[in-house]
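Undergrad:
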Amino acid sequence: MILILKPNTDPASPEFSRLTRHLDSLGDITWTRHDIQGTEQRLTEIYLLGNTKALSTSSMQGLPCVERAVRVQSSYRILGRHGHEDRQNGFSYNGVQFDQESLHVFAGLCAVDTPEHVEQMMQALQQHGQVTTRMGAYKPRTSPYSFQGHGASCLPWVFELAGTYGIKVIAMEVTHESHVDEIDATLELAGHPTGVMLQIGTRNTQNFELLKAVGRQSTYPILFKRGFGITLDESLNAAEYLASEGNPNVVFTLRGVKTSMGDPHRNLVDFSHVPVVKRLTRMPVCIDPSHSVGTRDVAPDGLTDVMHATAQGIIAGANMVLVDFHPVPAKALVDGPQALTTPELGWYLDDVAIAREAYLKRRQRARDHEGERYASGNTEATSATASR
Ligand code: PEP
Ligand code: MN
37 MILILKPNTD
47 PASPEFSRLT
57 RHLDSLGDIT
67 WTRHDIQGTE
77 QRLTEIYLLG
87 NTKALSTSSM
97 QGLPCVERAV
107 RVQSSYRILG
117 RHGHEDRQNG
127 FSYNGVQFDQ
137 ESLHVFAGLC
147 AVDTPEHVEQ
157 MMQALQQHGQ
167 VTTRMGAYKP
177 RTSPYSFQGH
187 GASCLPWVFE
197 LAGTYGIKVI
207 AMEVTHESHV
217 DEIDATLELA
227 GHPTGVMLQI
237 GTRNTQNFEL
247 LKAVGRQSTY
257 PILFKRGFGI
267 TLDESLNAAE
277 YLASEGNPNV
287 VFTLRGVKTS
297 MGDPHRNLVD
307 FSHVPVVKRL
317 TRMPVCIDPS
327 HSVGTRDVAP
337 DGLTDVMHAT
347 AQGIIAGANM
357 VLVDFHPVPA
367 KALVDGPQAL
377 TTPELGWYLD
387 DVAIAREAYL
397 KRRQRARDHE
407 GERYASGNTE
417 ATSATASR
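So the sequence shown is numbered by my numbering: it starts at 37 and just counts up by one.
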C-alpha cells in the first residue's frame, strides 16, 4: 500500500510524528519514505510493506497527513501506476523537466573520442537550441579487444565543453558503481558546469548489484535501458530495483530487442511499447532509434531508417530520444555506421517536430472524443477508458 501525503508535509511536524508512531505500531508492517521534489511542491509517499491486505484504505486515509491511500496493483510498487492516472510523474533535474508529457532529444556521440569531435557536436547542439546530449565514456563492448571508452580521463574536458556550450544534461552510461564516484568527483572539481543522467545499458539491465548501487544515490536521475533478450515485465521489474533503493527518477528506454526477425536492422524496433510503459508505470519513456536500427540506410522516400523509427516512437508519445550523431561517422570509435551526421541535426530535429505535432493532434482528438462521449451521456467505459 502507498500513502500519499498532503503536499509539502513537514517531516518535523507533530502530525507527521503521530503518523509514523501509528505506522510503527502496525506489527509486521514496515515502511519507507520517499520524497519527490517537484518544481512547485514536495510530495512525500510512504510505502508500506508486509501484510497490508488487513489494512483498509479508508482507515489509512483518515491518518494524519495522509491525502490518499493507494492499494498496490502491480509488482512495480513505486514506479507503477496502480490504476491512478493522477499520481505525480516525472522529475526536474538541472532545470530540465522530465515527465510523461515532455519531449527531449539527446543527440550526441555513442562514444567520446576526441575533444575536437565533442566540441563540434556540442557546437551543433547549441546552434539548434539543444541543452541535452549523449556522451559515452564507459563503453560495454562485445569484444574485450574493442575500444572500451576513455573512461574517467575524458570527463574533465567533456564536462567543461558541455558547460561552455550550455549543455544541462548528458546521458552517460556507467557499467560499475565506481563510475558514479568518478563522475561525481569530476563534476565537483569542475564546479558543476553540467549535469549527468546515469545510463544503465541493455547488457546490465539485470545486473542487480549495479542497479542497487545506482539506485542508492539520488544526485543523478537514471536512464534505464530495456533488456534486449528479456520480457518487458522483467525489464520493468529491474527498473523497480532503482526506485526500491531510493531513486524513483528513472526514464525507461526502449532500444529494440535482439532477434533475427529484426534483420536487416540491428534489433527489432519495439516502439509500439511506448504507450504500454506509460500505462503501466509513471516513468517518462525514451526511445533509442540508433541502437534499434543500427544503420544509416536511407529509404526510397529520402528519410533514413533511424528517422522513420524515431517518428514511430514520437508519434506514439515518447518523451525522450537518445540518438547517435557524429561530426565524422567514419572516424567514430564506436557505432559509426549508425550515427547521423552533425549537418543532418537540423533536418532531424525538424522531422522530430513534425512527428510530435502529429502526436499532440492525436492526443487532442482523443480528448475531444472523451468530451463528445460525456456530452452524449454515454459514460460507459470505452476501450479508451476501460484500461485506465
Ligand atoms: C548505448 O546507448 O551506447 C548503448 C550501448 O546502448 P544499449 O545498452 O542499448 O546497447
Ligand atoms: Mn552504441
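C-beta atoms are modelled at their ideal positions from N, C-alpha and C, and glycine is treated no differently.
This one's a predicted model, so the numbers in the text were calculated from it and none came from an experiment.
For A422, is the classification buried or exposed, using 16 other Cβ atoms within 10 angstroms of its Cβ as the cut-off for buried?
TA: The predicted position of A422 is uncertain, since its pLDDT is 49 and thus under 50; no value can be drawn from it.
Undergrad: Counting pairs of beta carbons, one from the stretch 370-378 and one from the stretch 391-404, are three or more of them closer than 8 Å?
TA: Output reads no: the stretch 391-404 does not touch the stretch 370-378.
Undergrad: Taking DSSP as the reference, what is the three-state secondary structure of F288?
TA: F288 falls in the strand class under three-state DSSP.
Undergrad: Starting from the C-beta of R69, find all residues in its chain whose C-beta is less than 7 Å away, skip the five residues before and the five after it, and write them out in chain order.
TA: T80 and I82.
Undergrad: Check for me: the beta strand (DSSP E) holding S128 runs from which residue to which?
TA: F127 to Y129 is the extent of the beta strand (DSSP E) around S128.
Undergrad: Are three or more beta carbon pairs between the stretch 382-399 and the stretch 348-365 nearer than 8 Å?
TA: They touch, by the three-pair rule.
Undergrad: Check whether the Cβ atoms of G237 and K261 sit closer than 7 Å, and answer yes or no.
TA: Result yes, Cβ atoms of G237 and K261 sit closer than 7 Å.
Undergrad: For T222, collect the residues of the same chain with a Cβ closer than 8 Å to its Cβ; drop the 5 residues on either side in sequence, then sort them by chain order.
TA: Once the five neighbours on either side are set aside, the close Cβ partners of T222 are A188, L191, P192 and F195.
Undergrad: Going by the DSSP bridge assignment, what does I258 pair with across the sheet?
TA: DSSP lists L234 and V286 as partners of I258.
Undergrad: Should V460 and H301 be called a contact, given that it needs their Cβ atoms to be closer than 7 Å?
TA: The requested residue 460 is not part of the displayed model; the chain covers only 37 to 424.
Undergrad: According to DSSP, simplified to helix, strand and coil, what is L358?
TA: Looking at L358 - three-state DSSP - the assignment turns out to be strand.
Undergrad: Could you tell me which of S95, S296 and H215 sits nearest to L304, measuring between CA atoms?
TA: Of the listed residues, the one whose Cα sits closest to L304 is S296.
Undergrad: Could you give the residue range of the beta strand (DSSP E) that holds F142?
TA: F142 -> beta strand (DSSP E) spans H140 to G144.
Undergrad: Determine, using beta-carbon pairs with one atom in the stretch 157-165 and one in the stretch 341-348, whether at least three such pairs fall under 8 Å.
TA: No, because fewer than three Cβ pairs between the stretch 157-165 and the stretch 341-348 fall closer than 8 Å, the two stretches do not touch.
Undergrad: Beta strand (DSSP E) containing Q73: first to last residue?
TA: Element bounds for Q73: T66 to Q73.
Undergrad: Please report the straight-line C-alpha distance between M319 and S110, rounded to a whole angstrom.
TA: C-alpha separation (whole angstroms): 14 Å.
Undergrad: Going by the CB atoms, is the gap between Y174 and T317 shorter than 7 Å?
TA: Taking 7 Å as the Cβ cut-off, T317 and Y174 do not qualify as a contacting pair.
Undergrad: Going by CA-CA distance only, name the one from I114, D220 and R170 that's closest to E209.
TA: Comparing Cα positions, the closest option is R170.
Undergrad: Quick one: is the Cβ of C190 within less than 6 Å of any heavy atom of the ligand MN?
TA: Every heavy atom of the ligand MN is 6 Å or more from the Cβ of C190, so no.
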